[in-house]
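Here's the structure, in structure tokens; my notes come after.
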Amino acid sequence: MVNAFVIGGATSPFSRQHTGDFDDLTAATAWDALRDAGLEPAAIDLVVAGTVHGGEGFGQRIAARLGIGGRPILNLENACATSAVAAHEAALWIRAGEARTALVIGAEALSGRGGKPVATSHSAYDYEGHGVSWAVRYALHAQEDLRLGRYTREDLARVAVKNRTFAAGNPHAQFRTPLTEQEVLDARMIASPLTLLMCSAKSDGASALVLADAQRSVRTGRPRVQLSASSMRSGQLLDGTSRLHVPITAEVARAVYEKAGVGPDDVDVVELHDAFASAELEHYVSLGLAAEGGGGRLVEAMLKSPRTGPIVNPGGGLLSRGHPIGATGAAQLVEIYRQLTGAAGPRQVEDARIGLTHTMGGTEFELESNVCMVHLLERLDA
Amino acid sequence: MIAAVDDQGLIATRCAACGDLRFPPRLRCPSCGAAELQCVAVRCGTVRNVTRGVSGTIAEIDTGEGLLVLGPLSYDGAPGQAVRTMVEDGRVLWSADIGGS
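Protein sequences, first through last, are from chains A and B.
Quick note on this note's numbering: the first sequence kicks off at 1 and runs consecutively.
Quick note on this note's numbering: the second sequence kicks off at 1001 and runs consecutively.
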């Protein structure tokens, strides 16, 4: 089978108020990714572009700014997992031999959409006039986990501290000022137990990734990074009675580990969907990185040895890098690509060889399980 | 479309063919596709989880018979407490159920 490789990537700075034109910001980021890959726009066979609120014809608008037409351009929306799924789609085209190179773009401008917590879409849990915010949904889950002793409020605070500590090494992260555990606990309560600093922000930003087949992957002069396995699915339709016994993340991760022939113990570096601090702790368990109740200890270990894998969210995660929803998945992949090619600068995880991204989105089914997308990437040693 | 709220609380739909219970109300059963659905009044429940913050006090409420809904509490409730719907200005709130019907 033809394999798909990552050969370059870039993100814009993630920020609260992007003052320029959204399409120009995105096109500039796409240019940066192409330069990183050593390709001219004309060398791109396929464009897959993702945005949730960025309007129609997004991929075509960006391609026009890159001066390329006459090739397939796809627009894709899949909630917060939009550009993670766009990368999956592009990889499928490459594996099928339909494209040799692909440009994956994700972008979002959320900061102009008001200061209130983002409301969830209509679902079995909502009713007319009573839709609740994402923070409330996550908080209700967290309340149950706290009651069951799966983690503590202090563990939640330390997740935010860790991701902020890591973001200090990422010049494009939105929040880079270090935090203390007490500051996180004392911040404004959004939905108990989640304080403001345990919630991801409505950010503006763009990300781009260049994928290629094996032949073109050798030309970058860097270590080759293979997109070894990917799996995507939506959650099961619930009857509204109870939570899933097996979270969708656990199912999707299992499928990816099986396809790639590796286990959670082999993973050196992870970018996972910490939309809220509680989600990070929950996903450790689903991804096999920690046993139930062991999340707090894993956070401690990462704070103590931030260069020794496994490291989760070295780029700052959604909590500190920022969460411009359509750009998040590709930004996670860019971070893992940099980690696996030794280009992550001060946040480099030592000898990172296997990386994983995990992105969630939407609420038509269970919490954030419209989409769960997991990618496993491997550095191939020459 | 069937209204999800009446003057006393919430309305769910139950499939006459397979018994599937859904909230908010549906026009077709998501389990078997049947079109014959009965409206079921949802008035009581038990608090399962509560969160407080900028949206006020919101609870996850187990209404029994296999239905979990989210909604605002009119008081400072806690898990395990019995609650009952009340409607104010067309908006459903859940208040402490102190017995009665």
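Glycine residues also receive a C-beta, built at the ideal position from the N, C-alpha and C atoms.
Asked, Found
"Sub-8 Å separation of A:A30 and A:I62 beta-carbons", "yes"
"CB contact check: A:V184 to chain B, cutoff 8 Å", "no"
"Of the residues B:V1092, B:G1033, B:T1085 and B:L1067, the one placed nearest B:I1098, counting alpha carbons only", "B:T1085"
"Nearest-angstrom beta carbon gap, A:M189 and B:G1053 [assumed within contact, 8 Å]", "5 Å"
"Straight-line Cα distance separating A:L298 from A:Q60", "43 Å"
"Chain-ordered neighbours of B:T1051 on chain A, where CB pairs are closer than 7 Å", "V136, A139, L140, Q143, A191 and S192"
"Exposure label - A:D381; buried when at least 16 CB within 10 Å", "exposed"
"Extent of the continuous alpha helix (DSSP H) run through A:A214", "A214 to S217"
"Any chain A beta carbon closer than 8 Å to B:S1055", "yes"
"Opposing strand residues paired with A:D204 [DSSP bridges]", "A:S15 and A:A109"
"Extent of the continuous beta strand (DSSP E) to which A:V371 belongs", "V371 to L380"
"Distance CB(A:R321)-CB(A:F14) smaller than 8 Å", "yes"
"In DSSP terms, what A:R233 is bridged to", "A:C372"
"Distance between A:G329 and A:L103 (C-alpha atoms, nearest Å)", "14 Å"
"Close Cβ partners of A:S12 (< 6 Å) along its chain, the five nearest in sequence each way excluded", "L25, T29, G205 and A206"
"Below-8 Å beta-carbon distance, A:S369 vs any chain B residue", "no"
"Per DSSP, cross-strand counterpart(s) of B:E1088", "B:R1091"
"Reference B:G1045, options B:E1036, B:C1018, B:S1074 and B:L1067, closest by Cα", "B:L1067"
"Cβ-based neighbour list, A:L185, same chain, cut-off 6 Å, excluding 5 preceding and 5 following", "A157"
"Nearest-angstrom Cβ-Cβ length linking A:L340 and A:P223, presumed shorter than 8 Å", "7 Å"
"Residue span of the alpha helix (DSSP H) that contains A:E271, given as start and end", "A:E271 -> not in any alpha helix (DSSP H); beta strand (DSSP E) instead, spanning V269 to E271."
"Under 7 Å (Cβ pairs) to chain B, residues found in the segment 156-169 of chain A", "none"
"Through-space distance from A:L287 to A:R347, alpha-carbon basis", "22 Å"
"Rounded C-alpha distance that separates A:A64 from A:V48", "14 Å"
"Touching by the beta-carbon criterion (3+ pairs, under 8 Å), the segment 166-175 of chain A and the segment 343-359 of chain A", "yes"
"Bounding residues of the alpha helix (DSSP H) (the contiguous stretch that carries A:I68)", "No alpha helix (DSSP H) contains A:I68, which DSSP labels as neither H nor E."
"Residues that A:H323 bridges to, as DSSP identifies them", "A:K202"
"DSSP state of A:G329 mapped onto helix, strand, coil", "helix"
"Interface partners of A:S133 on chain B, CB under 7 Å", "S1055"
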